[in-house]
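Before any comments, here is the structure.
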Amino acid sequence: MLKHLQSQHPFFFQTTVKEVKTKSTKRPLEDYIESPPSTSIHPPQKKAKTDAVKQQPSLSKYIGIKDIFARINSFKDGGFQSNQVSNAILYMICKDMLPISIVEFEGFNKLMSLVAPLYKVPSKRTMTRNLEARYEIMKNAFIQELENIPYYCLTADNWTDSSTQSYIGVTIHYLNNSKMTGRTIGCFPLYENHTSEYLSKSIEKIFNDFKIKKEKITAMITDAAPNIKKACIDLLGKDKHLI
Numbered sequence: 481m482l483k484h485l486q487s488q489h490p491f492f493f494q495t496t497v498k499e500v501k502t503k504s505t506k507r508p509l510e511d512y513i514e515s516p517p518s519t520s521i522h523p524p525q526k527k528a529k530t531d532a533v534k535q536q537p538s539l540s541k542y543i544g545i546k547d548i549f550a551r552i553n554s555f556k557d558g559g560f561q562s563n564q565v566s567n568a569i570l571y572m573i574c575k576d577m578l579p580i581s582i583v584e585f586e587g588f589n590k591l592m593s594l595v596a597p598l599y600k601v602p603s604k605r606t607m608t609r610n611l612e613a614r615y616e617i618m619k620n621a622f623i624q625e626l627e628n629i630p631y632y633c634l635t636a637d638n639w640t641d642s643s644t645q646s647y648i649g650v651t652i653h654y655l656n657n658s659k660m661t662g663r664t665i666g667c668f669p670l671y672e673n674h675t676s677e678y679l680s681k682s683i684e685k686i687f688n689d690f691k692i693k694k695e696k697i698t699a700m701i702t703d704a705a706p707n708i709k710k711a712c713i714d715l716l717g718k719d720k721h722l723i
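Count along the sequence shown starting at 1, add 480, and that's the number in my numbering.
Have a look at this one:
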């Protein structure tokens with residue numbers, strides 16, 4: 481039969497062979513990418529199962545009831561988070577020289593209600609008490625540090641502000657583990673006329689309060705005002721006063 485078609489009907493034979501070859505041609509790769517064969521049943525089911533596993537939340541992500549209540553309690557007075565936020569507010573007040581009354585400002589309370597809704601902002605009185613307690617802690621730590629310092633020098637100056645309140649400021653400088661360190665001891669109010677005798681007593685009171693030993697002082701630097709100059713000379717001697 482095949483020989484008969486080849487000899488008697490060559491055109492029909494060529495067309496038939498061509499059609500067979502065309503139908504048996506492999507499917508282009510693009511067709512599989514755009515529309516996968518309908519016989520591929522199991523892979524999609526496996527993928528769907530995999531997706532379901534991925535979407536299922538891990539047990540480690542669940543927060544227990546105890547953890548939730550522990551977090552709420554940590555923001556109560558005396559709680560860990562409450563103390564952390566309160567200490568941060570105290571630091572901000574001191575570092576940026578802000579009034580303690582900022583805890584009563586409407587804008588500040590609005591901010592805190594957004595960033596820490598469980599936190600109760602302390603009153604001005606409470607913040608004042610906390611600030612004084614923090615000052616005592618820092619002061620005692622500073623005194624302990626000075627005990628290990630063999631020598632130090634100081635600066636002092638007095639002035640009057642716009643409200644006619646007078647102050648004296650004292651700083652101290654020393655080497656701590658070969659590192660140059662400077663501290664502000666404080667600014668202290670003055671209530672009497674700025675005589676050399678009164679200034680000398682005021683400075684000596686500061687020395688006693690912070691346990692600053694005169695024998696460790698190598699120099700005290702002031703301006704050339706006669707009253708502060710004489711006060712330092714009377715207190716430490718002429719050889720330790722610098723202008």
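Cβ coordinates follow ideal geometry from the N, Cα and C atoms, glycine included. In this text, all values refer to a predicted model and were calculated from it rather than measured experimentally.
Are the beta-carbon atoms belonging to residue i and residue j less than 8 Å from one another?
i    : j    : result
S676 : N707 : yes
I623 : K694 : no
N610 : L578 : no
Under three-state DSSP, which class holds residue i?
i    : result
D719 : helix
A699 : strand
N589 : helix
N628 : coil
T644 : coil
K503 : For K503, the pLDDT reaches just 48, beneath the cut-off of 50, and the residue's location in the model is therefore unreliable, leaving the point undetermined.
D714 : helix
I652 : strand
N673 : coil
A621 : helix
D547 : helix
A636 : strand
I692 : coil
A613 : helix
I708 : helix
T496 : Legend: pLDDT at T496 = 48, less than 50; position of this residue unreliable, no value from coordinates given.
Relative to the alpha-carbon of residue i, which residue among the options has its alpha-carbon at the smallest distance?
i    : options                : result
R551 : I723, M660, P597       : P597
I617 : K720, N567, L722       : N567
Y599 : E586, G558, Y571, G666 : G558
R663 : P669, Y654, L670, Y671 : Y654
P465 : I582, I545, I652       : Coverage of the chain is limited to positions 481 through 723, which leaves residue 465 absent and any answer about it impossible.
S739 : T644, I665, G717, K659 : As displayed, the chain neither begins before 481 nor continues past 723, which places residue 739 out of reach and without an answer.
E625 : I665, M592, H674, S646 : I665
Y671 : F687, K659, S658, W639 : W639
N656 : D576, N628, T608       : N628
S643 : M660, V650, K659, P669 : P669
I648 : K659, T661, S658, Y678 : Y678
V565 : I545, L591, K720       : L591
S646 : N673, E612, M660       : N673
Could you check how far apart the C-beta atoms of residue i and residue j are, in whole angstroms? I think they sit under 8 Å.
i    : j    : result
I464 : C633 : Examination of residue 464 is not possible in this model, given that the chain is present from 481 through 723 alone.
D703 : D637 : 6 Å
L722 : A699 : 5 Å
I573 : K604 : Not a contact, Cβ separation roughly 11 Å.
V601 : N589 : 6 Å
I701 : T635 : 5 Å
Taking the beta strand (DSSP E) that residue i falls in, what are its first and last residues?
i    : result
F668 : 659-670
Hey, could you find the ends of the alpha helix (DSSP H) residue i is sitting in?
i    : result
V601 : Run containing V601: none; DSSP gives neither H nor E here.
M572 : 560-575
S581 : That residue, S581, is in no alpha helix (DSSP H); it is neither H nor E in DSSP.
K681 : 676-689
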